[in-house]
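> First, the structure itself, so that you have it in front of you.
Protein chains: 2
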Amino acid sequence: MPKGIRVLVTGASGRIGIPFREAYSNYYSLRLMSHKKTLEALPGEEVISADIADLNSVTEAMNGVEAVVHLAADSKSNAPWDFILNLNIIGTYNVFEAARKVGVKKVVYASSNHACGLSVKELDLVGPDAPIRPDSLYGVSKVFGEALGRYYSDNFNLSVICLRIGYCLGPGREDPSSYIKPLFLGKRLIYTKEKLFAMWISNRDMAQLIHKSLESDLKFGIFYGISDNVHKIFDISETIEKLGYRPQDRVEYYLK
Amino acid sequence: MPKGIRVLVTGASGRIGIPFREAYSNYYSLRLMSHKKTLEALPGEEVISADIADLNSVTEAMNGVEAVVHLAADSKSNAPWDFILNLNIIGTYNVFEAARKVGVKKVVYASSNHACGLSVKELDLVGPDAPIRPDSLYGVSKVFGEALGRYYSDNFNLSVICLRIGYCLGPGREDPSSYIKPLFLGKRLIYTKEKLFAMWISNRDMAQLIHKSLESDLKFGIFYGISDNVHKIFDISETIEKLGYRPQDRVEYYLK
């Protein structure tokens, strides 16, 4: 997708939306969608409010848009079903269906490592072809979103890139060593601190990865997204090869 | 699971529920759940009415049950989203969540070949590890159900067998050559008549496959289910090897 195209960003005020906006506000014509009322448009931007759980609202928000970066979700890995259902499942259906109706050409979908979170216990390196093993209802919802993306890309004139994002801390939290703690869901340990370091992705690498996904000519793909960490548990060789992703950061730089 | 255990069958009055009931009514203690009011209990059976889209209703229906055969769904491959959402997505969540709450030991889940329907165009033989390529929202909902089943089996004391059922015609339609027509979704040809023959599963093979799934000690598995057709497009070698399925029928017997 060329420079200057109009891109709708859902979840624009979230951990991933903010760094992407900061890095590419001048490159794309961004339409920022958020449930928060606090966003203010910078020159060249639009800010809109829409209900992700309402198809008409989402369709209206997509009017005149060439590409969508779909980040809106309940992103807590322990989110309860009602939120998962409304935001992640119904919301993601609404995004793809609105994209089809409006004639959007590309959707970049924020999937998650949690789609195969439990494969991490069994494999040294988990790639896009690892068995589906969600560690949470959140992870299940991301498998659903990937399958839905595949369906829309196969059957309609829509390119879909699904990013299984590692661990992006968001704005103001550049140094992972200060913020990363082991991840529990209830009493279950999902990821140790070491594994979370290995799946860290810096804010600027995250922004670049979305940009590369927007630029890609692929009809469909599922790609892991982490920084160029020395110790990796997710395989980004296809992300580098097929999307042209060039990570600039490395978690070990922050670790003593 | 041993003979005589109490098994809840959702969708008991459907194409798959009826043959399973006929074959195993005397083997298991069946609790038949259906939205239709026309079912009547035979000796040793119970018939209940419950709303698959309501968690409390489903939980109540599962009281005292050791295993669940979850067949209830909108089974039309062109079903619209509202039905898919309520029956297949919310309904399937309700079944797994109720099973966890009640302490059910086993869920046999009716998945579908449509989860990977479009892989059929690219591969000669599609097995459980083929790329996820749903041909419909119906297929997407079945991918969701499999992922949910994996999550529940990995994290709770629940064994889950997902059956990617081929094409089961249901009661009164024994001869596939009389009933099979090419499958279109809208204008898109999904399966030719030849492919539908190749994925046929007889009523008694279908019933046996559910029975073998109930008997299995596996914690989780995804298996294709077709009869012993000479020309196959789905791989049932693991179904035979790991579930002990022994198909007795063959589509070619009916084809001149």
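First to last, the protein sequences are chains S and C. Sequential numbering of the first sequence, starting at 1, is according to this note's numbering. Sequential numbering of the second sequence, starting at 257, is according to this note's numbering. Ideal placement from N, C-alpha and C gives every residue a C-beta, glycine not left out.
Taking the C-alpha atoms as reference points, what is the distance between residue 60 of chain S and residue 157 of chain S?
Residue mapping note: residue 60 of chain S aligns to position 60 of the first sequence, counting from 1. Residue mapping note: residue 157 of chain S aligns to position 157 of the first sequence, counting from 1. Their backbone Cα atoms lie some 19 Å apart in a straight line.
> Quick check on residue 447 of chain C: does DSSP put it in helix, strand or coil?
Within the second sequence, the letter at position 191 stands for residue 447 of chain C. Strand at residue 447 of chain C.
> Kindly list the residues whose CB is nearer than 7 Å to the CB of residue 314 of chain C, restricted to its own chain and excluding five residues on each side of it in sequence; keep chain order.
By one-based count along the second sequence, residue 314 of chain C stands at place 58. Result list for residue 314 of chain C: 306, 308, 350, 351, 354, in chain order.
> Mind checking the region 410-425 of chain C against chain S and listing, in chain order, the residues whose C-beta falls within less than 8 Å of any C-beta there?
Within the region 410-425 of chain C, the qualifying residues are 410, 411.
> Could you work out which residues of chain S lie near residue 337 of chain C, taking near to mean beta carbons separated by less than 8 Å?
Walking along the second sequence from the start, residue 337 of chain C turns up at place 81. Under the 8 Å cutoff, chain S gives 93, 97.
> Using DSSP's beta-bridge definition, name the partner residues of residue 84 of chain S.
The residue given as residue 84 of chain S occupies position 84 in the first sequence. In the DSSP output, where bridge partners are listed per residue, residue 84 of chain S has none listed.
> List the residues of chain C whose Cβ lies closer than 9 Å to the Cβ of residue 118 of chain S, in chain order.
As a position in the first sequence, residue 118 of chain S is number 118, starting the count at 1. Chain C residues near residue 118 of chain S: 406, 407, 410, 411.
> Using only alpha-carbon positions, find the residue among C/492, C/472, C/385, C/431 that is nearest to residue 512 of chain C.
Here residue 512 of chain C refers to the residue found at position 256 when the second sequence is read from its first residue. Of the listed residues, the one whose Cα sits closest to residue 512 of chain C is C/431.
> Applying the criterion that 16 or more other CB atoms from any shown protein chain within 10 Å of the CB defines a buried residue, is residue 239 of chain S buried or exposed?
The residue given as residue 239 of chain S occupies position 239 in the first sequence. The residue is buried, with at least 16 neighbouring Cβ atoms inside 10 Å.
> Residue 390 of chain C touches chain S at which residues, Cβ-Cβ below 7 Å?
Here the question's residue 390 of chain C lines up with position 134 in the second sequence. The answer, in chain order, is 147, 150, 151.
> So what's residue 285 of chain C in DSSP terms, helix, strand or just coil?
Working through the second sequence from its first residue, we reach residue 285 of chain C at position 29. The answer is strand: DSSP assigns residue 285 of chain C an E or B state.
> Just how far apart, CA to CA, sit residue 143 of chain S and residue 113 of chain S?
On the first sequence, position 143 is the one that residue 143 of chain S refers to. On the first sequence, position 113 is the one that residue 113 of chain S refers to. Cα to Cα, residue 143 of chain S sits roughly 10 Å from residue 113 of chain S.
> Count the other CB atoms within 10 Å of the CB of residue 297 of chain C; is the residue buried (16 or more) or exposed (fewer)?
As a position in the second sequence, residue 297 of chain C is number 41, starting the count at 1. By the neighbour-count rule (16 or more Cβ atoms within 10 Å), residue 297 of chain C is not buried but exposed.
> At 3 residues or longer, and completely inside the region 29-69 of chain S: list those beta strand (DSSP E) runs for me, N to C.
You should have 29-33, 46-48.
> Let's see if you can read the secondary structure: which residues bound the beta strand (DSSP E) around residue 392 of chain C?
Here the question's residue 392 of chain C lines up with position 136 in the second sequence. Residue 392 of chain C -> no beta strand (DSSP E), and no H or E assigned at all.
> From residue 150 of chain S to residue 117 of chain S, what distance separates their C-alpha atoms?
In the first sequence, counting from the first residue as 1, residue 150 of chain S sits at position 150. In the first sequence, counting from the first residue as 1, residue 117 of chain S sits at position 117. Rounded to whole angstroms, residue 150 of chain S to residue 117 of chain S spans 20 Å at the Cα level.
> According to DSSP, simplified to helix, strand and coil, what is residue 222 of chain S?
As a first step, residue 222 of chain S is located in the first sequence; it is residue number 222 there, counting from the start. Residue 222 of chain S falls in the strand class under three-state DSSP.
> Looking at the unbroken beta strand (DSSP E) that takes in residue 265 of chain C, where does it start and where does it end?
Within the second sequence, the letter at position 9 stands for residue 265 of chain C. Unbroken beta strand (DSSP E) run through residue 265 of chain C: 262-266.
> Less than 8 Å between the CB atoms is what I'm expecting for residue 204 of chain S and residue 19 of chain S, so what's the real figure, rounded?
By one-based count along the first sequence, residue 204 of chain S stands at place 204. By one-based count along the first sequence, residue 19 of chain S stands at place 19. Right, the Cβ-Cβ distance comes to about 7 Å (below 8 Å), so this counts as a contact.
> May I ask which residues mark the beginning and end of the beta strand (DSSP E) holding residue 179 of chain S?
Translated into positions along the first sequence, residue 179 of chain S becomes position 179. Looking at the DSSP string, residue 179 of chain S is not in any beta strand (DSSP E); the run it does join, the alpha helix (DSSP H), is 176-179.
> Apart from the five residues just before and just after residue 159 of chain S, which ones in its own chain have a Cβ nearer than 8 Å to its Cβ?
Counting from one through the first sequence, the residue named residue 159 of chain S turns up at place 159. Contacts found: 105, 106, 107, 153, 216, 217, 218, 219, 220.
> Closest to residue 292 of chain C by C-alpha separation, out of C/321, C/282, C/304, C/281, would be which residue?
Translated into the one-based positions of the second sequence, residue 292 of chain C becomes position 36. With distances taken between Cα atoms, residue 292 of chain C lies closest to C/304.
> Spell out whether any CB of chain S is found under 7 Å from the CB atom of residue 490 of chain C.
Indexing the second sequence from 1 puts residue 490 of chain C at position 234. Taking Cβ atoms only, chain S never reaches closer than 7 Å to residue 490 of chain C, which makes this a no.
> I want to know whether the region 66-79 of chain S touches the region 131-145 of chain S - three or more CB-CB distances under 8 Å.
They touch, by the three-pair rule.
> Could you check the C-alpha separation between residue 508 of chain C and residue 375 of chain C for me, to the nearest Å?
Here residue 508 of chain C is taken as the residue at index 252 of the second sequence, counted from 1. Here residue 375 of chain C is taken as the residue at index 119 of the second sequence, counted from 1. Cα to Cα, residue 508 of chain C sits roughly 23 Å from residue 375 of chain C.
> With 16 as the cutoff for other CB atoms within 10 Å, does residue 467 of chain C come out buried or exposed?
For the purposes of this step, residue 467 of chain C is taken as the residue at position 211 of the second sequence. Residue 467 of chain C is buried by the Cβ-count criterion.
> Looking only at its own chain, which residues have a Cβ that is under 7 Å from the Cβ of residue 232 of chain S, when we skip the five neighbours before and after it?
Residue mapping note: residue 232 of chain S aligns to position 232 of the first sequence, counting from 1. These residues qualify, in order along the chain: 125, 198, 226.
> Alpha carbon to alpha carbon, how far is residue 63 of chain S from residue 190 of chain S? Give it in angstroms, no decimals.
Sequence index remark: in the first sequence, residue 190 of chain S carries index 190 (1-based). Sequence index remark: in the first sequence, residue 63 of chain S carries index 63 (1-based). Approximately 40 Å, taken between the alpha carbons.
> Could you run through the region 466-490 of chain C and flag, in chain order, every residue whose CB is less than 8 Å away from some CB of chain S?
If the cut-off is 8 Å between Cβ atoms, the region 466-490 of chain C has nothing near chain S.
> Determine, for residue 184 of chain S, whether the minimum Cβ-Cβ distance to residues of chain C falls below 7 Å.
Your numbering for residue 184 of chain S matches position 184 in the first sequence. Chain C contact via Cβ: absent.
> Shorter than 7 Å from the beta carbon of residue 143 of chain S to some beta carbon of chain C?
Here residue 143 of chain S is taken as the residue at index 143 of the first sequence, counted from 1. It does; some Cβ of chain C falls within 7 Å.
> Residues bridged to residue 423 of chain C by DSSP?
Mapped onto the second sequence, residue 423 of chain C falls at position 167. Bridge partners of residue 423 of chain C: C/456.
> Kindly indicate which residue of S/200, S/187, S/184 has the alpha-carbon position closest to the one of residue 178 of chain S.
Taking the first residue of the first sequence as 1, we reach residue 178 of chain S at position 178. Comparing Cα-Cα distances from residue 178 of chain S to each of S/200, S/187, S/184, the minimum goes to S/200.
> Can you pull the chain C neighbours of residue 188 of chain S, defined as C-beta to C-beta under 9 Å?
Start at 1 with the first residue of the first sequence, and residue 188 of chain S comes out as number 188. The contacting residues are 411.
> Do you know offhand how far residue 2 of chain S's Cα is from residue 29 of chain S's?
If you number the first sequence from 1, residue 2 of chain S lands on position 2. If you number the first sequence from 1, residue 29 of chain S lands on position 29. One C-alpha to the other measures close to 11 Å.
> Taking the beta carbon of residue 235 of chain S as the centre, do at least 16 other beta carbons fall within 10 Å, making it buried, or is it exposed?
Start at 1 with the first residue of the first sequence, and residue 235 of chain S comes out as number 235. Result: buried.
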